[in-house]
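Undergrad:
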Amino acid sequence: MHLLVFAVTQFITAILANSYNLQYEEIRIDAESKYVQYQDIYKAFRNIPDFYWLFGFNFHSTHTVNKSCVYFDVETLTEEGMNYSSNFIRFGKRDKIEYIGKFYSTTYKNMSVDQERDQHNSLYAHTKLGTWVPMNYTLIYSDYRNCSIFRVLQAERGYGCMVLLTNATAYTGMPKACQQLYTNACAKYHSFENVFNSTCQRT
């Protein structure tokens, strides 16, 4: 009987621990008024000096299994959306997937009142071939130069994060301000999984 109680207790503890991990990342930044200035998604792609590498996630991404050196080529960019491709190496061969993306806005909180944004902060993307489930990303922070952090809304029950770094920055890692925000908003209960490595080169 004691063994049964112990086993059940351990099982419940494991479930609660897993639930805790999923529920308590800090997501208030996503909609806090003081961070709105860092959440213009059009500006995050328009202002960068070169291109973005997919630096990594705070979760295990099934989309990048067996892929390395993932980077993004933006083909067209407007204030309403962008067409782009994800380029990568898989099983030693280079490949790419083309996407169509539409920008949209979520509300933010100002004194606990929902407010409309002046600029879009989110991206709805689907493949041109329609072979993947569409994805939703919300920009939670960009320095508009080297680093952008996105909430991956379909991952980890909305607590997933994705880090993009420009070519000028990826080889040295996240800038200090970017790292601090990532730690506060994405890393309290999740471990970082690198996608980029120092051998990556754009073709």
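Just so we're aligned: the sequence shown equals residues -17 to -1, 1 to 186 in mature numbering (1 follows the signal peptide of the UniProt record, and there is no 0). Here a beta-carbon is modelled for each residue, glycine too, at the ideal position from N, C-alpha and C.
Checking 8 Å against the spacing of the C-beta atoms, do T61 and I80 come in under that value?
TA: Locating residue 61 in the sequence shown gives position 78, counting from the first residue. Locating residue 80 in the sequence shown gives position 97, counting from the first residue. No, the Cβ-Cβ distance between T61 and I80 is not below 8 Å.
Undergrad: Considering only the alpha carbon of each residue, which of Q22, P158, N150 and S131 lies closest to T182?
TA: The residue you call residue 182 lines up with position 199 of the sequence shown. Closest option to T182, Cα to Cα, is N150.
Undergrad: Return helix, strand or coil for A168, following the three-state DSSP convention.
TA: Taking the first residue of the sequence shown as 1, we reach residue 168 at position 185. A168 falls in the helix class under three-state DSSP.
Undergrad: Flag this pair as yes or no: are the beta carbons of Q98 and T89 separated by less than 8 Å?
TA: As a first step, residue 98 must be located in the sequence shown, where it is residue number 115. As a first step, residue 89 must be located in the sequence shown, where it is residue number 106. The answer is no: Cβ separation not under 8 Å.
Undergrad: Cα-Cα, which of T45, K92, R140 and S68 is closest to W36?
TA: Within the sequence shown, numbered from 1, the residue matching residue 36 stands at position 53. Checking every option, the nearest Cα to that of W36 belongs to S68.
Undergrad: Can you check which of these residues, Y18, I12, I10 and I24, is closest to S105 by C-alpha distance?
TA: Translated into the one-based positions of the sequence shown, residue 105 becomes position 122. It is I24.
Undergrad: Q184 by DSSP, collapsed to three states: which one?
TA: By 1-based counting over the sequence shown, the position of residue 184 is 201. Looking at Q184 - three-state DSSP - the assignment turns out to be coil, as it is neither helix nor strand.
Undergrad: At which residues does the alpha helix (DSSP H) containing K79 begin and terminate?
TA: As a position in the sequence shown, residue 79 is number 96, starting the count at 1. Looking at the DSSP string, K79 is not in any alpha helix (DSSP H); the run it does join, the beta strand (DSSP E), is K76 to Y87.
Undergrad: What do you reckon, are the CB atoms on H173 and E58 nearer than 8 Å?
TA: Stepping through the sequence shown from its first residue, residue 173 is reached at position 190. Stepping through the sequence shown from its first residue, residue 58 is reached at position 75. No. Outside cutoff.
Undergrad: Straight-line CA distance for E15 to G141?
TA: Sequence index remark: in the sequence shown, residue 15 carries index 32 (1-based). Sequence index remark: in the sequence shown, residue 141 carries index 158 (1-based). Going from the Cα of E15 to the Cα of G141 covers about 17 Å.
Undergrad: Could I get the ranges of all uninterrupted beta strand (DSSP E) runs contained in the stretch 105 to 152, with 3 residues as the minimum, in chain order?
TA: You should have 105 to 110, 118 to 125, 130 to 135 and 143 to 149.
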